[in-house]
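Okay, so the sequence shown: first residue is 6 according to the numbering used here, each after it adds one. Okay, structure first, notes after.
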Amino acid sequence: MKNLHLIVFQGVHNFPNFAAETKGFFERRGLTVKTTFTKSSEQQRAGLANGEYDIAHSAVDNAVAMVDIADEDVAIVVGLDHGFNKLIVQPDITSYEGLRGRIFGVDAVDTAFAIVGYEILKRKGMKQGDYKIETIGATRFRLEALKQKKVDFAMLNLPFNLFAQRAGLKVLDDPTNVIDAYQSTGGFVKRAWAQNNRDALTQYIAAYIEGLRWSMDPKNRSAAIELLKQRMDIESDIAEQCFQEISDPKTGFAKDAKIDLAGMENVLALRAAFSGKQNIDKVSRYVDETFYSDAIAAL
Numbered sequence: 006m007k008n009l010h011l012i013v014f015q016g017v018h019n020f021p022n023f024a025a026e027t028k029g030f031f032e033r034r035g036l037t038v039k040t041t042f043t044k045s046s047e048q049q050r051a052g053l054a055n056g057e058y059d060i061a062h063s064a065v066d067n068a069v070a071m072v073d074i075a076d077e078d079v080a081i082v083v084g085l086d087h088g089f090n091k092l093i094v095q096p097d098i099t100s101y102e103g104l105r106g107r108i109f110g111v112d113a114v115d116t117a118f119a120i121v122g123y124e125i126l127k128r129k130g131m132k133q134g135d136y137k138i139e140t141i142g143a144t145r146f147r148l149e150a151l152k153q154k155k156v157d158f159a160m161l162n163l164p165f166n167l168f169a170q171r172a173g174l175k176v177l178d179d180p181t182n183v184i185d186a187y188q189s190t191g192g193f194v195k196r197a198w199a200q201n202n203r204d205a206l207t208q209y210i211a212a213y214i215e216g217l218r219w220s221m222d223p224k225n226r227s228a229a230i231e232l233l234k235q236r237m238d239i240e241s242d243i244a245e246q247c248f249q250e251i252s253d254p255k256t257g258f259a260k261d262a263k264i265d266l267a268g269m270e271n272v273l274a275l276r277a278a279f280s281g282k283q284n285i286d287k288v289s290r291y292v293d294e295t296f297y298s299d300a301i302a303a304l
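Right, here's the structure in full:
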């Protein structure tokens, strides 16, 4: 058996892995998979860079940052979704103007959903300096910071934006209403590790896709919701709401977790706007679909 170590953020985007593990898809392909939940993008990036972890799943902008900022030879090898984030605010905030002078809680100042947030705020007439930025860490920590009123607004993914609403916080907006196609979650690896472990990575992606296919199969709906409930330790109604979102044929998980190249272009455009970079590099600098193609062929 080949041992693989993943590092991920908590959230519904881990569902394909939950299913692949529970249904034995990893084991059938000769893999044992250990998963670590990261506390922040910095921990995830550093751990992947130094070889502590083999595969990372999170916003693919983290992979772009590893290439552009840290000069790490990293490649995105599988996609998943366009994001299920909501802009969550304190209950007294009723408009974007109400964010002026307030505190934006982020994972890190230069990561995906912070950058998406900056862009949304800019398009709504709020430039940086009109609000404060506070580094908090992973989504679960941002939710707690909101509940404790240490920050005034934050981007929260599933199921945390549902927990937030239950706690009396409000949804101000959905990023998909403001920005265009966006490749949100994906899996990425160091290219050298991938080349040295090509078969293991191919088999991992194949099992991941098998887990996703099982999860999205209508005949498995009840079992999938129960699995989501158990693995994420959430209540039945929250699990049902999460499943409705991720299984939506238009806005849910992408078929077979294929990378959206147009969405990748937007990721790069937003990062270029944030960094002031004049020339946007080609998507091929950050994406390697050969492992994905081999995995599809192996199914």
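Beta carbons: idealized from backbone N, C-alpha and C, even for Gly.
Item, Value
"State buried or exposed for Asp157, treating a residue as buried only when at least 16 other CB atoms are found within 10 Å of its CB.", "buried"
"Quick one: Cα of Asp204 to Cα of Ser298, how far?", "12 Å"
"Suppose the cutoff is 8 Å on Cβ atoms and the five residues either side in sequence are ignored; what does the same chain contact list for Leu233 look like?", "Val17, Phe20, Phe23, Ile239, Ala244, Cys247 and Phe248"
"Looking only at its chain, what residues have a beta carbon closer than 7 Å to the beta carbon of Glu47, apart from the 5 residues adjacent to it on each side?", "Ala113"
"Looking only at its own chain, which residues have a Cβ that is under 6 Å from the Cβ of Ile251, when we skip the five neighbours before and after it?", "Val17, Gly257 and Phe258"
"Where Gly134 and Phe31 are concerned, what is the direct C-alpha to C-alpha distance, given to the nearest angstrom?", "48 Å"
"Pull up the distance between the alpha-carbon of Met221 and that of Asp253, whole angstroms please.", "9 Å"
"Which residues does DSSP pair with Leu11 in a beta bridge?", "Thr40 and Ile60"
"In whole angstroms, what separates the C-alpha of Ser289 from that of Ala117?", "19 Å"
"What does DSSP give as the partner residues of Asp115 in its beta bridges?", "Answer is none; Asp115 lacks a bridge partner."
"Taking Glu124 as the reference, give the member of Val183, Arg105 and Asp78 with the closest Cα.", "Val183"
"With a CB to CB cut of under 7 Å and the five nearest residues on each side skipped, what residues in its chain are close to Val69?", "Val272, Leu273, Arg276 and Tyr291"
"Might you give, ordered along the chain, the residues of its own chain that have their beta carbon closer than 7 Å to the beta carbon of Glu270, omitting 5 neighbours on each side?", "Val288"
"Under 6 Å Cβ to Cβ from Gly52, same chain only, skipping five residues before and after it: list those, please.", "Ile12 and Tyr58"
"Tell me whether Val121 sits in a helix, a strand or coil according to DSSP, three-state version.", "helix"
"By Cβ distance, which residues of its chain are closer than 6 Å to Leu206, with the 5 residues on each side in sequence left out?", "Ala199 and Phe296"
"Looking at C-alpha atoms only, which residue of Leu9, Gly56 and Thr27 is the closest neighbour of Thr37?", "Leu9"
"So, at 6 Å on beta carbons, what are the nonlocal neighbours of Arg105 in its own chain, with the 5 sequence-adjacent residues on each side left out?", "Asp135"
"From Glu231 to Ser241, what does the alpha carbon distance come to, in whole angstroms?", "8 Å"
"Please name the residue, chosen from Gly29, Asp97, Asp115 and His62, that lies closest to Ser280 on a Cα-to-Cα basis.", "Asp115"
"Is the beta carbon of His62 sitting closer than 8 Å to the one on Ala186?", "no"
"Secondary structure at Met160, three-state DSSP: helix, strand or coil?", "strand"
"If distances are taken between C-alpha atoms only, which option among Leu85, Glu139 and Leu148 comes closest to Pro4?", "The requested residue 4 is not part of the displayed model; the chain covers only 6 to 304."
"Gly110 and Ile141: beta carbons closer than 8 Å?", "yes"
"Just curious, the alpha helix (DSSP H) that Val272 is in, first and last residue?", "Leu266 to Ser280"
"Nearest-angstrom Cα distance between Thr144 and Gln15?", "8 Å"
"Classify Thr256 as helix, strand or coil using the three-state DSSP reduction.", "coil"
"Tell me the residue span of the beta strand (DSSP E) that contains Glu102.", "Note, Glu102: premise wrong, no beta strand (DSSP E); not H, not E."
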